[in-house]
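Numbering (the working numbering), first residue to last: -1 to 354.
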């Protein structure tokens, strides 16, 4: 919703690749141009797509998509949703960098939001606090901006997640998300944030309703897909959750919070007792965020259930070193509708403790 797109009828007349990006950008009033080529060969298609900054001609992003040509309409929707999700993040990243060309005191609301997002993406405690300062200044400038309200909702959700569901922070998430909906009811983000807050409150059925609306509005919204997987997982449908997590991987393969999606996917594989998949996915999560305790906890349990006792013991030692305050209570806090799911995961891990 935050990114305006020029209609195809206006942009298609500039399909001549001999024209420069600056000329096209000036003519269309567009800061960024998406281009591409499509080729077909032996039952396959290859799409080369790119994103260019028209102000300086810099290539921001490019990627090749190779697919088997089976169902052209399904293929079009699948690749289209992937590109939309990627462009959302690449343009956002480019705009964050652009704000550093402007003095802090001269930043406008839009730029304040982008600068705040830059700090949020660094994921340090100091940067997170700095991000809030930018978002609050933007809120003072324009308290009815849905973009600002959404960033504040996300900021408080992130802190609530770090604090294991702090109720005051979740109340802030709901406050800002509902106000954002009043400003723009067709924005997927506040629906998704309300759903995420309900997940942390232990209300996955209500969460699924909000998340379904977010996905209906924006099928390319990777966060909503991942959160829907979490809601299904908590409701006891681990097998049904797996496609949501895999869709998230497809839509946002370089997402900053991918470690969390992979951790949830590892949990789903544990609950369906696919131990090799659980171990492999937990490893991918830990490669992105070595300090993520949940992925390591799940890996330890999966290793034990696979009979790989020495590896499990090594991982348990790492967990004890990195998280000396870890206790099973952290796992019991996860709001599965059926507490037997918590007990199952804890029992897997408990086998490693028994051999320590």
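We put the CB at the ideal spot given by N, CA and C, even for glycine.
Being a predicted model, the structure only gives us computed values, none of them experimental.
Collapsed DSSP secondary structure at residue i in the structure displayed
i           : result
residue 103 : Confidence in residue 103 is poor, its pLDDT being 48 and thus under 50, which makes the residue's placement too unreliable to answer from.
residue 163 : coil
residue 314 : helix
residue 255 : coil
residue 83  : helix
residue 232 : helix
residue 154 : helix
residue 115 : helix
residue 334 : coil
residue 347 : helix
residue 219 : coil
residue 270 : coil
residue 183 : coil
residue 72  : helix
residue 148 : helix
residue 238 : helix
residue 18  : coil
residue 142 : coil
residue 250 : coil
residue 91  : helix
residue 324 : coil
Residue i and residue j closer than 7 Å at C-beta
i           : j           : result
residue 59  : residue 67  : no
residue 289 : residue 320 : yes
residue 335 : residue 233 : yes
residue 136 : residue 146 : yes
residue 297 : residue 316 : no
residue 144 : residue 183 : no
residue 37  : residue 81  : no
residue 227 : residue 210 : no
residue 195 : residue 221 : no
residue 269 : residue 318 : no
residue 282 : residue 260 : yes
residue 303 : residue 346 : yes
residue 229 : residue 188 : no
residue 293 : residue 307 : no
residue 140 : residue 107 : yes
residue 34  : residue 45  : yes
residue 314 : residue 350 : yes
residue 218 : residue 83  : yes
Bridge partners - residue i, DSSP secondary structure assignment
i          : result
residue 59 : 49
residue 37 : 44
residue 65 : 43
residue 30 : 51
Inter-residue CB distance, residue i and residue j (contact presumed, cutoff 8 Å)
i           : j           : result
residue 174 : residue 151 : 4 Å
residue 168 : residue 199 : 6 Å
residue 266 : residue 231 : 6 Å
residue 51  : residue 29  : 7 Å
residue 252 : residue 287 : So it is not a contact: roughly 14 Å between Cβ atoms.
residue 299 : residue 343 : 6 Å
residue 79  : residue 249 : 6 Å
residue 23  : residue 31  : 6 Å
residue 112 : residue 93  : 5 Å
residue 395 : residue 186 : For the chain, the structure presents residues -1 to 354; residue 395 sits outside this window and is missing.
residue 192 : residue 208 : 4 Å
Limits of the alpha helix (DSSP H) - the one that residue i falls within
i           : result
residue 126 : 123 to 139
residue 208 : 202 to 215
residue 273 : 273 to 286
residue 191 : 186 to 198
residue 329 : 327 to 330
residue 292 : 291 to 303
Min CB distance residue i to chain D below 7 Å
i           : result
residue 228 : No chain D is part of this structure, which consists of one protein chain only.
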